[in-house]
Each structure stands twice: as C-alpha cells, then as structure tokens.
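>
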Amino acid sequence: AQTVTQSQPEMSVQEAETVTLSCTYDTSENNYYLFWYKQPPSRQMILVIRQEAYKQQNATENRFSVNFQKAAKSFSLKISDSQLGDTAMYFCAFRRLFSGSRLTFGEGTQLTVNP
Amino acid sequence: EAGVVQSPRYKIIEKKQPVAFWCNPISGHNTLYWYLQNLGQGPELLIRYENEEAVDDSQLPKDRFSAERLKGVDSTLKIQPAELGDSAVYLCASSSNRDTEKETQYFGPGTRLLVL
C-alpha cells in the first residue's frame, strides 16, 4: 500500500515571498503520478500541479513548481511570489499508473499568506 | 463546461436517520469517485465507478453505506442509519480516460454532513 506524509501541519508566509511545502511518500512501484491539490475554505479541491514519475523534469505551473526526488521519494511544492489567494489547505497525493486508480492523500498543510 | 455538481451542500440530521448525497460528474467522464474527508484530514476513497460498475468499494462500510450509478452518469451515496461518526465532508470526483490531462480527478464542492 502507498502512504503519503506531509510533516508540516501549518505554515505561513508573507505576501510576495516564497514558501516550500514538503511531502514524502512510500511505494514499491516505479511509475506513478504525484499531485498537489489546493483546498480553499470554500472546500472545492483544485489541482495545482501534476508530476509523472517517469519524467525527470520537474513540473511547473506559473508560480508553482515542484522538486521531485524519486530516489528519496520526496515531492515538495514551491510557491513563488505568494498571494493572499494562495491561503488554503494543500494536499499532496499519489496515484498509481493504471487507469482510474484512487488518489492517496497526505494529511495536508494549512498555508496562510499574510499581508 | 460545468464542473462536478453535488447536492446538497450541507445536511444536518439526527443519528439513526437516513441521508443521501447526489453527484453529477463532468459530462463525458466515465470514472466517478466518492471520497470521505474527516475534519483536518485528507480525503479517503469510499468507492470508484467505471461507468455503471463499482470497481473499487473495498473502503465502503457496506453495513450502512450504499451507492449506485445506474446509467453510468450521476450517482447517489446513501447512509442508513447515520451515526455520529459519519459527520464529515463527502466529496465526489470524476475523471476521463480520454482526458488529455491524463485522468486528472476533478472534485465537486462536497456535501458537509453533521449528525446530531
């Protein structure tokens, strides 16, 4: 079974600064997907970024980028130029490669961006 | 394009009462998921449908929970009877194996259940 661990229950950052959220996972599989989802107080879970394990290049989406270390089973999210709207719960998630498989989520990190 | 729709958004019931949640996935999405999210935790899968077939229901407490997706489109999740510990948010998600974004799961807003 796969497990996902987020060791930072809460983090805060000043507006316009950079913050990094940590995630580690455990799996015996070689190919899989990793995700970061954002859940604002409205509770709509929104995909932030996705990484395919078979790709060595780290994924980027505008201000969001990941540091994927496959050997270390680490998948951190970096948010640059933090904005007030980035305040949310962030979940790291793992998904096996086969079609339609479930997401396994971490416990989440509550990020607060301060003005 | 409309996203995943769920109703109701909030539900308060007394214990031992039945309750049902409804989900309409994104049009054309063949895979539908029901997740349970307890307060302060990440979601956990209850059941997954491929079209109208439940293909992963190992985490569904079948003594009190049931689900259906009769025509392979919208789905209903039912709890009967509800217990205090069922208070949580019930999330629905959908994905398509034809999705160019490689089966990204899109989530609905959830139904927050409070059992008194």
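Chains A and B, in that order, are what the protein sequence lines are. My numbering puts the first residue of the first sequence at 30, with every later residue one more than the last. My numbering puts the first residue of the second sequence at 46, with every later residue one more than the last. Positions of the beta carbon are idealized from the N, C-alpha and C atoms, including for glycine. Since this is a predicted model, take the numbers as computed values, not measurements.
Chain A beta carbons: is any one of them nearer than 9 Å to that of S140 (chain B)?
Interface residue, yes.
> Only counting the same chain, and skipping five residues up and downstream in sequence, which positions put a Cβ closer than 7 Å to that of D102 (chain B)?
Excluding positions up to five away in sequence, the list reads I92.
> Evaluate the contact criterion for the stretch 53 to 67 of chain A versus the stretch 114 to 134 of chain A: three or more CB pairs, one atom per stretch, below 8 Å.
The answer is yes - the stretch 114 to 134 of chain A touches the stretch 53 to 67 of chain A, with three or more Cβ pairs under 8 Å.
> Can you tell me which of B:Y80, B:Q82, B:D119, B:P106 puts its alpha carbon nearest to the alpha carbon of E98 (chain B)?
With distances taken between Cα atoms, E98 (chain B) lies closest to B:D119.
> Please list the terminal residues of the continuous beta strand (DSSP E) segment that includes R157 (chain B).
Start and end: 156 to 160.
> Skipping 5 residues on each side, what residues in its chain have a beta carbon closer than 8 Å to that of I58 (chain B)?
Contacts found: V64, A127, L158, L159, V160, L161.
> Give, in chain order, every unbroken run of the beta strand (DSSP E) that is at least 3 residues long and sits entirely within the stretch 105 to 158 of chain B.
For the stretch 105 to 158 of chain B, whole beta strand (DSSP E) runs of length 3 or above, ordered along the chain, are 110 to 113, 120 to 124, 133 to 140.
> If you run the structure through DSSP and keep just helix, strand and coil, what is L126 (chain A)?
Three-state result, L126 (chain A): coil.
> Give the secondary structure of D55 (chain A) by DSSP, where H, G and I count as helix, E and B as strand, and everything else as coil.
Strand at D55 (chain A).
> Hey, is E148 (chain B)'s beta-carbon within less than 9 Å of any beta-carbon in chain A?
So, interface residue.
> Which residues in the same chain have their Cβ closer than 6 Å to the Cβ of K107 (chain A), if we skip the five residues on either side of it in sequence?
T49, S94, listed in sequence order.
> If the criterion is Cβ atoms closer than 9 Å, does the pair A138 (chain B) and G153 (chain B) meet it?
Contact flag set, yes.
> With DSSP collapsed to three states, give me the class of L113 (chain A).
Three-state DSSP puts L113 (chain A) in a helix.
> Where G114 (chain A) and K67 (chain A) are concerned, what is the direct C-alpha to C-alpha distance, given to the nearest angstrom?
Answer to the nearest angstrom: the Cα atoms are 11 Å apart.
> Under 8 Å by Cβ, that's how I've got A2 (chain A) and F134 (chain A) pegged, so tell me the actual separation to the nearest angstrom.
Residue 2 (chain A) cannot be examined here, being either before or after the span of chain A that is shown, 30 to 144.
> Hey, could you find the ends of the beta strand (DSSP E) V77 (chain A) is sitting in?
Unbroken beta strand (DSSP E) run through V77 (chain A): 75 to 81.
> Would F66 (chain B) pass as an interface residue toward chain A - the criterion being a Cβ-Cβ separation below 9 Å?
Not an interface residue.
> Sort B:Q86, B:W67, B:K61, B:K116 by Cα distance to V49 (chain B) and report the nearest one.
Cα-wise, what sits closest to V49 (chain B) is B:W67.
> Counting contacts by CB-CB distance shorter than 9 Å, is E136 (chain A) in contact with chain B?
By this cut-off, E136 (chain A) is an interface position.
> For the stretch 84 to 117 of chain A, which residues have a beta carbon sitting closer than 9 Å to at least one beta carbon of chain B?
Correct list: empty, as no residue qualifies.
> Counting only the same chain and skipping the five closest in sequence on each side, list residues whose C-beta sits under 8 Å from that of V100 (chain B).
Once the five neighbours on either side are set aside, the close Cβ partners of V100 (chain B) are R93, Y94.
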